Structure formats: C-alpha cells, structure tokens
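For the sequence shown, my numbering assigns the number 10 to the initial residue and increments by one for each residue that follows.
What follows is a short report on a single structure.
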Amino acid sequence: GGGGGGGGAAGGGEVDDGTTSFKHESYWCPSMTRADAEAALTPLLGDDRDVVICRPSSKGDSYALSYTKEGKIYHTPVGVDGSNKFFFTDWNGERRDFDDMGGVVEYLELEKYEPPAAE
C-alpha cells in the first residue's frame, strides 16, 4: 500500500482553472463521439427533462454539448479562450461567456446526464 501524500499546499500542484472542474461530473463523457451522445440521449427524448452530455469536440481543445430540447437533440460547440473562460454562440448569434461549464449548462436550462448504472 503505502500512504498517499498529504493535502496539497496552496499554490502547488494542480490549479483548478475552471476547465477541469466539471470533469468529475456525471455529464462529462470523454470517450463519447457525437454519434455516441445521440445514441445515449435518444432514449431520453420522451422525458420532460432536458439532459446534457459534455464531450470533447472533434476540433481538439474545445468541447461540445449534446443535449435534448423540445424532443430534439442538439449539439453546440463550447470554446475555451485564453483566460479559461468558456464561450458559445447562442441561438441569436450572440457570444456568451461563462466562468465554468456549469454556467453554460445552467444558461441552457439543462440537467446533467447520469450514465445508466452498470448491471
């Protein structure tokens, strides 16, 4: 075994810059492609909840949200700019900036995807 190290001192090691904080959340699905997300969301289309999956964008260092809204599945890219802010372009073509991914999810009024429990 061996004991792990103590808690990190302030200023050392991993700094949570906002871009990683959502990655322990259930809706972060790093291995999902767009098609995977659609397959996961399709059974939820009849729900009254609008559910979101966050996945890596095919463009590399940005993300994509796949979500249900009014019985359809949508995909929207979420970019990260240099100051670790998340941004996306809303339906009116306006850029919206957020400090973290949770802010985007709240703005879109979505609930976080919970993967089905493994049997």
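In this text, a Cβ means the ideal position worked out from N, Cα and C, and glycines have one as well.
In this text the structure is predicted, and so the values were computed from the model without any measurement.
- Cβ contact annotation for D109 (same chain, cutoff 7 Å, sequence separation greater than five): G27, S30, F31 and F95, in chain order.
- With contacts defined as CB atoms closer than 8 Å, S71 and P86 qualify as a contacting pair.
- Our two residues, Y83 and S67, have alpha carbons roughly 16 Å apart in a direct line.
- In summary, A46 is buried, with 16 or more beta-carbon neighbours lying within 10 Å of its beta-carbon over all protein chains present.
- In this structure P124 is not in contact with S40, their Cβ atoms being roughly 11 Å apart against a cut-off of 8 Å.
- Collapsing the DSSP output to three states places P65 in a strand.
- A direct Cα-Cα distance of roughly 25 Å separates L50 from R105.
- In the DSSP assignment, A73 falls within the beta strand (DSSP E) that extends over Y72 to K78.
- Residue environment analysis places A48 among the exposed positions, since fewer than 16 neighbouring C-beta atoms fall within 10 angstroms of its C-beta.
- Comparing alpha-carbon positions, the option among G69, K81 and C63 lying closest to S75 turns out to be C63.
- Assigned with DSSP and collapsed to three states, D90 falls in coil, not helix or strand.
- Under the DSSP assignment, R43 falls in the alpha helix (DSSP H) whose first and last residues are R43 to L50.
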